[in-house]
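Peer 1: For reference, the structure I am asking about is given below.
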């Protein structure tokens, strides 16, 4: 084990260079123009895994390829087998003008590595790759078999991965899944995540006149689809942060008292969070604190609004259409299908007869909840404690890792969520970063993790 | 007079070619990239006026140049002097993909001439230019002195023109102004417009977090500026089409019974208009019919909405900001300043403390109302009747010609509004057109007009 840790320590600089190379690929899965970049990024990763000493294969899917890279020699091994999941695709980088330096030219400042994908998720799964590399390159016996499964569609709903898991059950099946694609409360506060929110995305489109109309000539006698859109969306959330859609909260599992205590541990002050986000004050569902609102309560957000004229100056029109991108974060035991249904049914019900309402479906993922006191969870907590020198906390997380639900459903495997992102990492925002301490300690944690899991 | 009419008839084809040449300039005043096109268009027009036999000058302003072209020889003339107003700038042509053929390549189909600016306003003021050309080229004594004033900022609020009128009072002063920049009810139904709506434009901006936020990590505890924008705008208009802003209707002059009768003459059926506009049904302020709603009642329209992610797929964010372009159409005796004040005051009052609200000012123009029974109005009605063979109706119009208010205020002159646009001309929309019958009969009407006005 000493050799493994020494290898990790000795090669820090090289690992950082490797990661920067990986981050230079603009592997944006939401934007068709980056299709080639995704392929190049996946091919680079495959080659990198082989150089580490893994058996790596790029598996085609109906979407972007999935990388499988394993330490397993045949299927006769009697070691416990774990999957490490990650994704090589990233969120769109726009608005570009808000980045201090270009999103795909990694920049180090202090202990921060700035680049799109640094924290979400290339930097995080790289820690596990490097820990395994340390075992392989030092000739140390790795107590587990580890298979890396790195996909390219996480940011657009992981559509190909579910079928891929089902098709490859035999080679993927094992004791559990390890995922670092989420956050920890602070540099010195490791944490095990036992629940995740799910997500449901859709687009709402209101169709008014068959063309943009002169607002002087027709304005006053024809309904304005942008106004109707505002009026419909406005009615979905009240002034107390409650979502006003019949049936929306029906399947929400109430929080237990011990959960509320755990979730509130080391909570940031509301005023501090408001200052960090640059808002005059926080706003959320009445009756729940800020952490509960962000991790354990469902939401409905407008992600984008588009209608009419958006250029310089003004254009005096009644726009022909208006559209909004919406997402709901959902919590155990809400299910995407039911939420889509109640949202759409309610909008149809309140839509006036002066416009036409249509929907475009988006991606969806169920929420996740697992008992935090199993043997593997305890082993992971020990590995964290050893690496970080602190007792980890238990937490829920507000983001969605839909694939975690698929691991359970399709492979029957639970997932250990060992997040390494800090609260100010700006995932999905301009100036995304990954902390170099989290990177380095994360590699050490992963090295211990295989030891702990192998000893069970 | 016969020679004038014969000249107009003989040269129809040439006039159409001239107009097409004029329409090829993409003289879009709202978009900075077209600055050069505006200059080229104005220079072309100056040369064209000189070729007709007018004394033409392109007068620089702080914005786009104003063309003055006159028949007046010195200031000793004892003929009555009239201004003809028009504008050589046009609305933006986007969305381009909805045009059947390119907006700046004029296309004739049947009796329609398709091009951006064909109806609003190049084609309309061209009729007066050609009528005067007919007098000059046939050596016929023109009974009035006519000065053309063609500006290049009408679509962005005519900011330079007010000061220009004040600076040039002496050479512009006269008996009245003739403007064809509006509509007529049908090909065989000429009409004199005695009232116009004004306009007030502004942009409403809601500032939320200092960057787009990951909706999984922060969603639920921070307000969404797009949602707040919707909630604020939604409250500005109720389900009966009433604008719910205290003080908004305070200065509206009630419609007289005779006006309501005149305005309802030859009114299109609601179902026909709805079909033409492609909406399931009309919608407007309760208690007023469709014509009154469009011409004699104030409105508040959302012209554009912009927030968050607008690209392909979805982006799970709480957007950093949201903005809406708004315009109010205002009616006599509402004034822009008062309307801006009540709208902004109300929005500030209802805005929650979780976001920041700011405004960006836009252009504004007062409404206009003039008695329809003066001598010049009667002369104009006779010219219309002679040319079109039908008794003209009296009407109000819903669009804004802010400059008409300036002619009154700065030069003390009333305006004859002799619109030549048909209801299906699509001004400000894709596939704008001008009717060739309106073009040709409009030239004949203008020829008679100078005779009638000269005889007063």
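Chains as they are written, first to last, in our numbering: chain F, 999 to 1454; chain G, 999 to 1454. Glycine residues also receive a C-beta, built at the ideal position from the N, C-alpha and C atoms.
Between residue 1221 (chain F) and chain G, is there a C-beta pair that is closer than 8 Å?
Peer 2: In the first chain, counting from the first residue as 1, residue 1221 (chain F) sits at position 223. With 8 Å as the cut-off, residue 1221 (chain F) counts as an interface residue toward chain G.
Peer 1: Closest Cβ-Cβ distance between residue 1062 (chain G) and chain F: below 8 Å?
Peer 2: Looking up residue 1062 (chain G) in the second chain gives position 64. It does not; no Cβ of chain F falls within 8 Å.
Peer 1: Could you name the residues of the segment 1287 to 1313 of chain G whose beta carbon sits closer than 7 Å to any beta carbon of chain F, in the order they occur along the chain?
Peer 2: Listed by position along the chain: 1288, 1291, 1292, 1295, 1297, 1299, 1300, 1301, 1302, 1303, 1304, 1305, 1306, 1307, 1308, 1309, 1310, 1311, 1312, 1313.
Peer 1: What number of angstroms, rounded off, separates the C-alpha of residue 1096 (chain G) from the C-alpha of residue 1022 (chain G)?
Peer 2: As a position in the second chain, residue 1096 (chain G) is number 98, starting the count at 1. As a position in the second chain, residue 1022 (chain G) is number 24, starting the count at 1. Approximately 18 Å between the Cα atoms of the pair.
Peer 1: Closer than 7 Å by beta-carbon distance: list the chain F residues that pair up with residue 1229 (chain G), in chain order.
Peer 2: For the purposes of this step, residue 1229 (chain G) is taken as the residue at position 231 of the second chain. By Cβ distance, chain F contributes 1232.
Peer 1: Using a Cβ-Cβ cut-off of less than 7 Å, list which residues of the segment 1319 to 1347 of chain G approach chain F; keep chain order.
Peer 2: Flagged, chain order: 1320, 1323, 1325, 1327.
Peer 1: Taking the runs of the alpha helix (DSSP H) that are 4 residues or longer, which of them lie wholly in the segment 1363 to 1421 of chain F?
Peer 2: Listed in chain order, they are 1373 to 1386, 1400 to 1409.
Peer 1: Can you give me the start and stop residues for the beta strand (DSSP E) that residue 1001 (chain F) sits inside?
Peer 2: As a working mapping, residue 1001 (chain F) is identified with position 3 in the first chain. Run containing residue 1001 (chain F): none in the beta strand (DSSP E); it sits in the alpha helix (DSSP H), 1000 to 1008.
Peer 1: Who are the near neighbours of residue 1418 (chain F) in its chain, counting only those whose CB is closer than 7 Å to its CB and skipping five residues on each side?
Peer 2: For the purposes of this step, residue 1418 (chain F) is taken as the residue at position 420 of the first chain. For residue 1418 (chain F), where only same-chain residues beyond five positions count, the Cβ hits under 7 Å are 1122, 1125, 1178, 1182, 1436, 1440.
Peer 1: For the segment 1113 to 1127 of chain F, which residues have a beta carbon sitting closer than 9 Å to at least one beta carbon of chain G?
Peer 2: From the segment 1113 to 1127 of chain F, only 1118 have a Cβ closer than 9 Å to chain G.
Peer 1: Out of curiosity, what's the CA-to-CA distance linking residue 1284 (chain F) and residue 1442 (chain F)?
Peer 2: On the first chain, residue 1284 (chain F) is found 286 positions in, with the first residue counted as 1. On the first chain, residue 1442 (chain F) is found 444 positions in, with the first residue counted as 1. Those two C-alpha atoms are separated by around 41 Å.
Peer 1: Between the segment 1126 to 1149 of chain F and chain G, which residues of the former have CB atoms less than 9 Å from a CB of the latter, in chain order?
Peer 2: So nothing in the stretch comes that close.
Peer 1: Using the three-state DSSP reduction, which class does residue 1076 (chain G) fall into: helix, strand or coil?
Peer 2: Residue numbering aside, residue 1076 (chain G) sits at position 78 when the second chain is read from its first letter. Coil at residue 1076 (chain G), not helix or strand.
Peer 1: For residue 1007 (chain F), does the count of other Cβ atoms within 10 angstroms reach 16, so buried, or fall short, so exposed?
Peer 2: Position 9 of the first chain, counted from the start, is the residue given in the question as residue 1007 (chain F). Exposed, by the Cβ-count rule.
Peer 1: Verify the CB distance criterion: does residue 1432 (chain G) have a CB-CB separation below 8 Å to chain B?
Peer 2: Given the protein chain composition of this structure (F and G), no chain B is represented.
Peer 1: Check each candidate in G:1392, G:1062, G:1272, G:1310 and name the one with the smallest Cα separation from residue 1162 (chain G).
Peer 2: Your numbering for residue 1162 (chain G) matches position 164 in the second chain. Answer by Cα proximity: G:1062.
Peer 1: Give the residues of chain F in contact with residue 1225 (chain G), contact being defined as C-beta atoms less than 7 Å apart.
Peer 2: For the purposes of this step, residue 1225 (chain G) is taken as the residue at position 227 of the second chain. What residue 1225 (chain G) touches in chain F: 1231, 1235, 1300.
Peer 1: Where do the N-terminal and C-terminal ends of the alpha helix (DSSP H) with residue 1164 (chain G) fall, by residue?
Peer 2: Counting from one through the second chain, the residue named residue 1164 (chain G) turns up at place 166. It spans 1159 to 1165 - the alpha helix (DSSP H) in which residue 1164 (chain G) sits, taken as one unbroken run.
Peer 1: Can you give the beta carbon distance from residue 1317 (chain F) to residue 1301 (chain G), rounded, assuming they're within the 8 Å contact cut?
Peer 2: Stepping through the first chain from its first residue, residue 1317 (chain F) is reached at position 319. Stepping through the second chain from its first residue, residue 1301 (chain G) is reached at position 303. 7 Å between Cβ atoms; contact.
Peer 1: List the endpoints of the continuous alpha helix (DSSP H) containing residue 1048 (chain F).
Peer 2: Here residue 1048 (chain F) refers to the residue found at position 50 when the first chain is read from its first residue. Per DSSP, residue 1048 (chain F) belongs to the alpha helix (DSSP H) from 1033 to 1050.
Peer 1: Over the uninterrupted alpha helix (DSSP H) stretch that includes residue 1448 (chain G), give me the two end residues.
Peer 2: Locating residue 1448 (chain G) in the second chain gives position 450, where the first residue counts as 1. Its alpha helix (DSSP H) spans residues 1434 to 1452.
Peer 1: Between F:1342, F:1426, F:1186, F:1068, which has its C-alpha nearest residue 1359 (chain F)'s C-alpha?
Peer 2: To locate residue 1359 (chain F), count along the first chain from 1; it is residue 361. The option with the nearest alpha carbon to residue 1359 (chain F) is F:1342.
Peer 1: DSSP puts residue 1057 (chain G) in a beta bridge; with which residues?
Peer 2: In the second chain, residue 1057 (chain G) corresponds to position 59, counting from 1. In DSSP, residue 1057 (chain G) forms a bridge with G:1064.
Peer 1: Per the contact definition of three or more C-beta pairs closer than 8 Å, is the segment 1169 to 1176 of chain F in contact with the segment 1405 to 1417 of chain F?
Peer 2: Output reads yes: the segment 1169 to 1176 of chain F touches the segment 1405 to 1417 of chain F.
Peer 1: For the pair the segment 1148 to 1163 of chain F and the segment 1271 to 1291 of chain F, tell me if three or more CB-CB distances fall below 8 Å.
Peer 2: The segment 1148 to 1163 of chain F is not in contact with the segment 1271 to 1291 of chain F.
Peer 1: Taking contact to mean at least 3 C-beta pairs separated by less than 8 Å, is the segment 1140 to 1156 of chain F in contact with the segment 1384 to 1395 of chain F?
Peer 2: In short, these stretches do not touch, since the Cβ pair count stays below three.
Peer 1: Taking just the CA atoms, how far does residue 1047 (chain G) sit from residue 1127 (chain G)?
Peer 2: Along the second chain, read from residue 1 onward, the residue named residue 1127 (chain G) stands at position 129. Along the second chain, read from residue 1 onward, the residue named residue 1047 (chain G) stands at position 49. Going from the Cα of residue 1127 (chain G) to the Cα of residue 1047 (chain G) covers about 8 Å.
Peer 1: For a test of the three-state rule: what should DSSP assign to residue 1333 (chain F), helix, strand or coil?
Peer 2: Within the first chain, the letter at position 335 stands for residue 1333 (chain F). In the structure shown, residue 1333 (chain F) sits in coil (DSSP, three-state: anything other than H, G, I, E or B).
Peer 1: In the structure shown, what three-state DSSP assignment does residue 1348 (chain G) receive?
Peer 2: Looking up residue 1348 (chain G) in the second chain gives position 350. If DSSP states are grouped into helix, strand and coil, residue 1348 (chain G) belongs with the helices.
Peer 1: Which two residues bound the contiguous alpha helix (DSSP H) that contains residue 1256 (chain F)?
Peer 2: Locating residue 1256 (chain F) in the first chain gives position 258, counting from the first residue. It spans 1255 to 1262 - the alpha helix (DSSP H) in which residue 1256 (chain F) sits, taken as one unbroken run.
Peer 1: Does residue 1326 (chain G) come out as helix, strand or coil in the three-state DSSP assignment?
Peer 2: Walking along the second chain from the start, residue 1326 (chain G) turns up at place 328. The answer is strand: DSSP assigns residue 1326 (chain G) an E or B state.
Peer 1: Can you find a CB in chain F that lies within less than 8 Å of the CB of residue 1029 (chain G)?
Peer 2: Your numbering for residue 1029 (chain G) matches position 31 in the second chain. By this cut-off, residue 1029 (chain G) is an interface position.
Peer 1: Once the 5 residues before and after residue 1428 (chain F) are set aside, which same chain residues still bring their CB inside 6 Å of it?
Peer 2: Along the first chain, one-based indexing puts residue 1428 (chain F) at 430. Contacts found: 1096, 1097.
Peer 1: Relative to chain G, which residues along the segment 1169 to 1195 of chain F have a C-beta separation below 8 Å, given in chain order?
Peer 2: So the list reads 1181, 1195, given in the order they occur along the chain.
Peer 1: Whole beta strand (DSSP E) runs in the segment 1239 to 1310 of chain F with 3 or more residues, listed along the chain?
Peer 2: If we require 3 residues or more, the beta strand (DSSP E) runs fully inside the segment 1239 to 1310 of chain F come out as 1297 to 1306.
Peer 1: Rounding to the nearest angstrom, what Cα-Cα distance links residue 1397 (chain G) and residue 1094 (chain F) in this structure?
Peer 2: Residue numbering aside, residue 1397 (chain G) sits at position 399 when the second chain is read from its first letter. Residue numbering aside, residue 1094 (chain F) sits at position 96 when the first chain is read from its first letter. C-alpha separation (whole angstroms): 39 Å.
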